[in-house]
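> Residue numbers (the working numbering), protein chains in the order written: chain A, 3 to 616; chain B, 3 to 616; chain C, 2 to 346; chain D, 2 to 346.
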Amino acid sequence: MSTPSKVQQVETVTIRFVGDSGDGMQLTGTEFTRANALAGTDLATFPDYPAEIRAPAGSLSGVSGYQVNFGSKEIHTPGDAPDVLVAMNPAALKTNLPDLRPGGMLIVNKGAFNAANLEKADYKSNPLDDDALKHAYKVLAIDMSMLTDHALQGSGLSSKETARCRNYFALGLMYWLYSRPMEQQLEQIQKKFSKKPEFVDANQKVFKAGYAFGETVEVGLQRYEVPASKLAPGTYRTVTGNYAVALGFATVAKLTGKQVFLGSYPITPATEILQESSYFKEHGVVTYQAEDEIAGIGSAIGASFGGALGCTTTSGPGLALKAEMMGLAVIAELPLVIVNVQRGGPSTGMPTKTEQSDLLVSLFGRHGEAPMPVIAAQSPADCFWATLEAMKIATKWMTPVLLLTDGYLGNGSEPFKVPAPSELPTFDVKYQTTPNHDGAYMPYKRDAKLIRPWAIPGTPGLEHRIGGLEKDSMSGMVSYDGMNHERMVLTRAKKIANVIEDVPDVQVYGKATGDVLLVSWGGTFGSVRGAAELLQSQGKAVSHVHLRWLNPLPKNLAAVMKGFKKIFVPEVNNGQLAFYLRGMFPGIDPVQFNRINGKPIKIVELAGKVLEVL
Amino acid sequence: MSTPSKVQQVETVTIRFVGDSGDGMQLTGTEFTRANALAGTDLATFPDYPAEIRAPAGSLSGVSGYQVNFGSKEIHTPGDAPDVLVAMNPAALKTNLPDLRPGGMLIVNKGAFNAANLEKADYKSNPLDDDALKHAYKVLAIDMSMLTDHALQGSGLSSKETARCRNYFALGLMYWLYSRPMEQQLEQIQKKFSKKPEFVDANQKVFKAGYAFGETVEVGLQRYEVPASKLAPGTYRTVTGNYAVALGFATVAKLTGKQVFLGSYPITPATEILQESSYFKEHGVVTYQAEDEIAGIGSAIGASFGGALGCTTTSGPGLALKAEMMGLAVIAELPLVIVNVQRGGPSTGMPTKTEQSDLLVSLFGRHGEAPMPVIAAQSPADCFWATLEAMKIATKWMTPVLLLTDGYLGNGSEPFKVPAPSELPTFDVKYQTTPNHDGAYMPYKRDAKLIRPWAIPGTPGLEHRIGGLEKDSMSGMVSYDGMNHERMVLTRAKKIANVIEDVPDVQVYGKATGDVLLVSWGGTFGSVRGAAELLQSQGKAVSHVHLRWLNPLPKNLAAVMKGFKKIFVPEVNNGQLAFYLRGMFPGIDPVQFNRINGKPIKIVELAGKVLEVL
Amino acid sequence: MATENTALPVYSKKDFESGVDPRWCPGCGDFSIINQVQKVLPSVGHKREDIVFISGIGCSSRFPYYMNNYGMHTLHGRAPSFASGLKVSRPELMVWIVTGDGDALAIGGNHFIHAMRRNIDLKLLLFNNRIYGLTKGQVSPTSELGKKTKTTPHGSPDAPFNPPALAIGAGATFVARSIDVEGAHLGVVLKAAAEHKGSCFTEIYQNCPVFNDGAYTAITEKSVKVEALLRMEHGKPLLFGKDNKKGIRFNAQSAELEVVTVGEGGVTEKDVLVHDAKRDDPTLAFMLANLSLKPGFPTPIGVFRDVSRPTAEELTWAMINAAKTKKGDVDVTRLLSGSDTWVIK
Amino acid sequence: MATENTALPVYSKKDFESGVDPRWCPGCGDFSIINQVQKVLPSVGHKREDIVFISGIGCSSRFPYYMNNYGMHTLHGRAPSFASGLKVSRPELMVWIVTGDGDALAIGGNHFIHAMRRNIDLKLLLFNNRIYGLTKGQVSPTSELGKKTKTTPHGSPDAPFNPPALAIGAGATFVARSIDVEGAHLGVVLKAAAEHKGSCFTEIYQNCPVFNDGAYTAITEKSVKVEALLRMEHGKPLLFGKDNKKGIRFNAQSAELEVVTVGEGGVTEKDVLVHDAKRDDPTLAFMLANLSLKPGFPTPIGVFRDVSRPTAEELTWAMINAAKTKKGDVDVTRLLSGSDTWVIK
Ligand SMILES: Cc1ncc(C[n+]2csc(CCOP(=O)(O)OP(=O)(O)O)c2C)c(N)n1
Ligand SMILES: Cc1ncc(C[n+]2csc(CCOP(=O)(O)OP(=O)(O)O)c2C)c(N)n1
Ligand code: SF4
Ligand code: SF4
Ligand SMILES: [Mg+2]
Ligand SMILES: [Mg+2]
């Protein structure tokens, strides 16, 4: 009989659940995440789907994973390497074991390690019999299949149905290991399967069995507890970045009372934004699935001409296709938000892997002189705030705005503190309803900030025509006059430069001067902030600034960079921000660290690289 | 009776012929250009068409012009401002007079200055009666209409037909003024109208009348002579840049014995390349007018997969549309040449006006990490050589290559010295016909330069599949492995960097060190070289390097720039090369001079700007 | 805004002229087309400010600049995408698309067929001059097989589209054809297009005197047109030719249409096929759309097809309104909270 | 190279398997399709190395990786553009296109209709599962009106394409339809496609068990298919149903097709319409393509249309060869000199 093991407190833990696509690891992961959220820990998660198509059961390419990093301190990333790996079959073990941190805990469903599955994972022999494994990790091999079957004996469920309950065994065990209260999960199962009562009972049984196993297992198992973090008081929910963008659209529609029109075409990893938005109809979001990306942005521009807040969402290949349309939006000066969820490139590249390699194409990827504001979100929840900001800029300045996120932000999740209405930005979106030039309407007559008015169809007396040819600087009529063209090119550039008034200064994390300044943008925020914390805790003179605004660049950036001996730019690309900073700030020559392997940068690896240049 | 005026020698002259679209000014210009070419002068021409659609006769928007600059010294541009303006109607005078150099010669067809035409040109009164005009310029107002009618009395031609002969009067007069032998033009008329004999006689009559007028006119007219220039001995012809590109395609087909496949879609100002190429069928050029730009490049890539030398031609908006396809060509590593004839942007912009604003989109306008070589032609005739170079790089390195020209190069013309076969580059285009990896074919197994083999359909045993997803670094099969992806991104980048071995060093025009180094690229070569000559002739320490290669940049560029106090970058855009140089060479911070008015930069204006920074 | 429902002013043609004088070549067919459009608009029951003209790029696509309505001169081939977004976003507007054979059928082919398929209420006018006018004379998808143009000096190797057949195949609910020089007829067809609710395709044969002159003289010349043109009218027998002596009959054996002469060989007027533009089955319209390709057959003009179905924007807004009534007005906090939150004290 | 004309090896199905095992979900209809293609290829008279498979992006578009031929997995919707360039450049190759309903008809619609129009000899296979598979279940241009998908949770507001009707409207010279689960029938149709010379469209109903399961059970279930499917054969009467008792007849009055029962109401087999896939006039094929949309009518499978005309690549090369014979072999110096030169001494 087992000696009740006492609970050990830990600050943060990273757990990865892996199994066959059919094993329900995404559910297990999200449920366990929820448990920790409710316990008040900070957290970040990242699902790791197999390549698009569902592969044969048990195959290496069919492995699906879900990683969660939770802790009592601030959590920036889903974690470098799992402390605990829960593997439901051999293929999952094979593909994920290399990531488990040395000495980490390995929990496997021994029952799935039969000849057939071993072969599919091309294991010559059963790895569980391998002593090396036992020496390298704390291995807990449990026949979850058998234990699940036992728990459900007489339930009348088919063996197929029984198998589908297995993941709750693993979940139950994790609840016990990390000292989470069973009750809430039992309720949750109740809710979740209310439509299929037979599964309520079955899953609750199996969940309890998993929990009980922890207590009763012979080997005295170490239990852990991760205390609540110091998250600001408030109401929280977990959101993925893609959901957060859609929520942003709906929120803007509510705040402005104007229609948000999303014209889009499905593409991994941006598709969820269109899908989620289609559930926000009642809030004033109209979604339109176009025949292609070009028509997606075209429909949005058409809607903007009509007074809606036009948006389009896509990923790399789609962004490339929208280039000509973006140029039109620039010259027509209509509000538009283009959300680009970056993925591995070039070409079709690595659709399910993350990357930051669309920075330069976002800044320069249009023919002619076609500048537009470019903003990048820094975390899943921040995708919400970045969307509000992009929409505000687009409507205030009458310009297309490019919002960059990436596959890691889009699919990753973290707690989102539900803002009070007072915490939301105010919008004031106005249409021109009267002539602006002694009795006539001049669509390109600008205010002091160089912003043009927005008169929409249905407004009597303001009928006018706009288009993609160069236009007279007042009437908007076609003009082939060379000097007018030069004036217009410079005016459009100046207008975008003026947006600087809405660009907040960068905040330095750490001292204002020192040896190394880490400069990051977009999805690498978490990794870089984590590395900065680590290095600062080691007393290094390393600070961090993160760029949310890529165009215009923050006013104080040049001055801030001057305060450091070295500028260090880590990116998940081949050095695009580093090049851009060189081009914008003569004399600045950043040290680069580039990883292009489809994954977020690891905090420890990055910190190591920074130490090399210190 | 007139005193035979003695002939005065001049080094260079710029003449502009302007009239209604119907007045045949393009013909007059090309014929007069030919006369000077045959006389051995160097020259450069530039036609100035009205906006696309033919406007009402006599209207301001219907004016069509042709400018030629010829001289006994080296000619780099069509000339800053005309010394002589030949205006066939009021609208032409109104729109072009501002360009005529102060004190220049103005020849007008007085006969066209009737009430109707004056009104169309919205002249309140007849400008020819205005003394100011006579004081500002040498005005020669001739009733060419009447004189032409006289010359053709009894010819039996209708008055409409008679009117169409008028331009030959102007041409005849210019022949006399610039002392060109009548005979060759009479022959030329013979040739040209052999199909319509009645016009041979008529045009010859009118031409002679114009010539005779010069001798007999009361006012003693000053005659000029522009001696032959020191052009290298050889056979010459005049070519426009667009024709030169087509000629380049045909030449490569001949030299390689391989099919050149041009898949394209018409767009101003690139359309002529497709048109001219369609006349080179017998030389091995296959042209395919696709349904759009995307299909244009797609068809070319498909043909390249089949072993042809795929090419596509376009202008700004089309380049934007081809972005996704270019990315595919990059990752598939197939030979492809994309010719972009730049025009005024953004969006539809100024289709008939020239600009250099597609540099950054050419370098960075693809999602993901998708580098490709970028070359820019520097003059109409150089478009031929640049095309050969681009095709050679594409086939040798198995990569898409972007060739930049512009509307000014494409439509402008200059003498082209017909090269001897020995002066042409040698190509050696090889296909893989045998396995390259113990009995198997690995399409992405590279040689020392990182070039992959090219095996084409029809080759037994080498069947393979390629595509746009990231691929295994040997077999080319789809790979989702992160490290393989990083390796491939870096390998593709390294391969393009290796192209440096084929990039010639930049040549400094002038001293190797000094106060100012002018750095130019593409179509501004002529203006900048002209300014450099001018400044050097004034003893200024100003030198010039011209960039034909934008990626990779020439090896010695950094070193060369270090030799000067200031780097000065003139561009017909908002500073794209200047930004690029800053990004590539930390510490280099060029002074910019930017004109974005749809016209080539003027030598004198540029020289003036340089003086300001000296 | 368009939503206020004040009375419709009485308009004249002038009210629809922007005052910018059209920049088309002298003699261009586009002049007579815009003339008819401006004549019809006063009677379509929409306020001037509620009418929008959207075009792509081409000579024809300059059209919106000359209309005194709201307008967008967009990108080559893309007009239907803008128009679709605008119409779905604001169904109360009347949205016209003006395009050319290259704009609509070459680069714009995809947006064209999808606009037809979706049955969004868009009135698309295709000016078919069988050539690229603005770029000065290259082959277009409606240029005849073997046609010599600047890009096909030895003749075009590609078979052309038959635009009405393509539109019918794509699912258009209104398909018609008229001719620039047939002013009165064009006016009637434009009126019918204005009255239709749904995807609406009107091909207008247009002469380009500069780059493809005489493309239609074989059917428009005074001397031949009575025999060459079949004027379709819904519910009327398909008669044509001098004194309407000729008719189109259906041959049940071959399942094909044939030309008959009324009064010859026992053929009476009731043997002649009666035009039915209103039937849902598109096959009759398709047969007529292919008629002129067969030697000896006339070219049909008028309305091939005019059927009514719920439009995509109607269905879209029905769903939106259903969602609104179902969910009621959720405030922003409830929107932001969603269904699964927890509280940190 | 393909041009050498050595004897054709004797192939077996295995010779066309690349050895990479297909990555489709268990039960995906794509498996049975590739199986049929690999069975047919040995008998199409082309060497393995002269056959090329070109696809876009989608589950279906992974096809080329599993074939032991030359192949390109290109960009979403663009396969026909690559294939057209390749075929015009090298007419001796046999070029297949494999695409999906989204790939061919959503983003790829323009290249699709132009490939059909031009009559380039391309064998296009469209795997129609009425859904976006690879991206996990969004509405496609062939999804039914009102269809609930991940992007249309309240139902699709857009009418779908009828692919054969679209292809016929665009000018395809070969149009056919088969079904993944009708292996033998599919094999026959594929063979016919292989033998046709010109633009060639084959729609294959394909089940996506994961995101749109059962899309075709209403016509493929053992119990119903005999009544639900009309198997068209050129030259044979259009009979279907139990004991082939039902037939398609042409109603001359209404100019429409109708279903009749042979032996009832004096209907004999000779009243039944005889299928004619070879006629140039596309209207009969179009009628049949629209049949299944009408309640009470069967779904036709087999070849709708199969007519032969000179292909675009044949016409292109005829012009090239004519130019070559006319001009002879001009050397590079003469090419470079052109017609109007002068000499500087
Ligand atoms: C993306 C893009 N590609 C090509 C062009 C060049 N272009 C402008 S109009 C046109 C074709 C016009 O033909 P059509 O649509 O028939 O109109 P038309 O001028 O005959 O009325 C082309 C190829 C362009 N403006 N943009
Ligand atoms: C330019 C671009 N846009 C969008 C996508 C995303 N995408 C890949 S496949 C696909 C649709 C696939 O549907 P279908 O063509 O029917 O093929 P299936 O998977 O159903 O066989 C989409 C939208 C892409 N890869 N590239
Ligand atoms: S080119 Fe042709 S179509 Fe264009 S405006 Fe002139 S006549 Fe009309
Ligand atoms: S998602 Fe559907 S179509 Fe794609 S492989 Fe799976 S079953 Fe086949
Ligand atoms: Mg046209
Ligand atoms: Mg599909």
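Cβ atoms here follow ideal geometry from the backbone N, Cα and C, with glycine treated the same way.
1) Give a yes or no on whether the minimum CB-CB distance between Q261/B and chain C is below 7 Å.
2) Let me see if you follow: with CB-CB separation under 7 Å, is F175/C close to chain D or not?
3) Against chain C, with Cβ distances strictly below 7 Å, would F202/D count as a contact?
4) Mind checking which residues open and close the beta strand (DSSP E) that includes G516/B?
5) Could you check the C-alpha separation between D16/C and V190/D for me, to the nearest Å?
6) With distances taken Cα to Cα, identify the nearest neighbour of Y71/C among R79/C, L87/C, C60/C, T7/C.
7) Check whether the Cβ atoms of E259/C and P238/C lie closer than 7 Å to each other.
8) Around the Cβ of G20/C, are there at least 16 other Cβ atoms within 10 angstroms (buried) or fewer (exposed)?
9) Compute the distance between the beta-carbons of A143/B and L130/B, then report whether it is under 7 Å.
10) Below 9 Å on C-beta distance, what does D16/D contact in chain B?
11) Which partner residues of D44/A appear in the DSSP bridge assignment?
12) Thinking just about the alpha-carbon of each residue, which of K497/B, E335/B, A396/B, G309/B is nearest to the one in V2/B?
13) Give me, in chain order, the residues of the same chain whose beta-carbon lies closer than 8 Å to that of T461/B; leave out the 5 immediate sequence neighbours on both sides.
14) Using a Cβ cut-off of 7 Å (strictly closer), state whether M352/B contacts chain A.
15) Between I345/D and chain B, is the shortest Cβ-Cβ distance under 7 Å, so that the two count as touching?
16) Any beta carbon from chain A within less than 7 Å of V140/D's own beta carbon?
17) Compute the beta-carbon to beta-carbon distance between R118/C and F162/D, rounded to the nearest angstrom, for a pair I have assumed lies under 8 Å.
18) Please report the straight-line C-alpha distance between S13/D and F54/D, rounded to a whole angstrom.
19) Ignore the nearest five residues each way along the sequence and tell me which others in N71/B's own chain have a CB closer than 7 Å to its CB.
20) Ligand 3 and P210/C: does any heavy atom of the ligand fall closer than 6 Å to the residue's C-beta?
21) Of all Cβ atoms in chain D, is any one closer than 7 Å to the Cβ of D159/C?
22) DSSP on W97/C, reduced to helix/strand/coil?
23) Would you list the residues sitting across from L406/B in a DSSP beta bridge?
24) Note down the Cα distance separating V268/C from G242/C, rounded to an integer number of angstroms.
25) What residues in its chain sit with their C-beta under 6 Å from that of E227/A, if we drop five residues either side in the sequence?
26) Starting from S475/A, trace the beta strand (DSSP E) in both directions and tell me its first and last residue.
27) I need the DSSP call for Y68/B, collapsed to helix, strand or coil.
Inspection of the coordinates gives the following:
1) Answer no: the Cβ-Cβ gap between Q261/B and chain C never drops below 7 Å.
2) No - not a single Cβ of chain D is within 7 Å of the one on F175/C.
3) No, its Cβ sits nowhere closer than 7 Å to a Cβ of chain C.
4) Boundaries of the beta strand (DSSP E) around G516/B: 516-523.
5) Spanning the alpha carbons of D16/C and V190/D requires a straight line of approximately 59 Å.
6) Y71/C has its Cα closest to that of L87/C, out of R79/C, L87/C, C60/C, T7/C.
7) At the C-beta level, E259/C and P238/C stay beyond 7 Å of one another.
8) Label assigned to G20/C: exposed.
9) In contact: A143/B and L130/B (Cβ atoms closer than 7 Å).
10) Neighbours of D16/D on chain B: none; closest Cβ ~10 Å, over 9 Å.
11) In the DSSP output, where bridge partners are listed per residue, D44/A has G73/A.
12) Residue 2/B falls outside the range modelled here, since chain B spans only 3 to 616, and no answer is possible.
13) Non-local C-beta neighbours of T461/B in its own chain, meaning closer than 8 Å and more than five positions away in sequence, comprise Y433, Q434, T435, ordered along the chain.
14) True, the Cβ-Cβ gap to chain A drops below 7 Å.
15) Chain B, which has a Cβ nearer than 7 Å to the Cβ of I345/D, makes this yes.
16) Closer than 7 Å to some Cβ of chain A, the Cβ of V140/D qualifies, so yes.
17) Separation of the CB atoms of R118/C and F162/D is rounded to 5 Å, and the pair is thereby assigned contact status at 8 Å.
18) Roughly 18 Å between the two C-alpha positions.
19) Taken in chain order, the residues that qualify are T14, T16, L45, A46, I77, T79, P80, G81.
20) Yes, ligand 3 has a heavy atom inside 6 Å of this Cβ.
21) For D159/C, the answer is yes, since a Cβ of chain D falls inside 7 Å of its Cβ.
22) Correct three-state label for W97/C: strand.
23) For L406/B, which the question treats as bridged, DSSP gives the partners N342/B, A378/B.
24) Computed Cα separation, rounded: 15 Å.
25) Cβ within range, chain order: V9, Q11, S181.
26) First-last for S475/A: undefined, no H or E at that position.
27) In the displayed model, Y68/B falls within a strand according to three-state DSSP.
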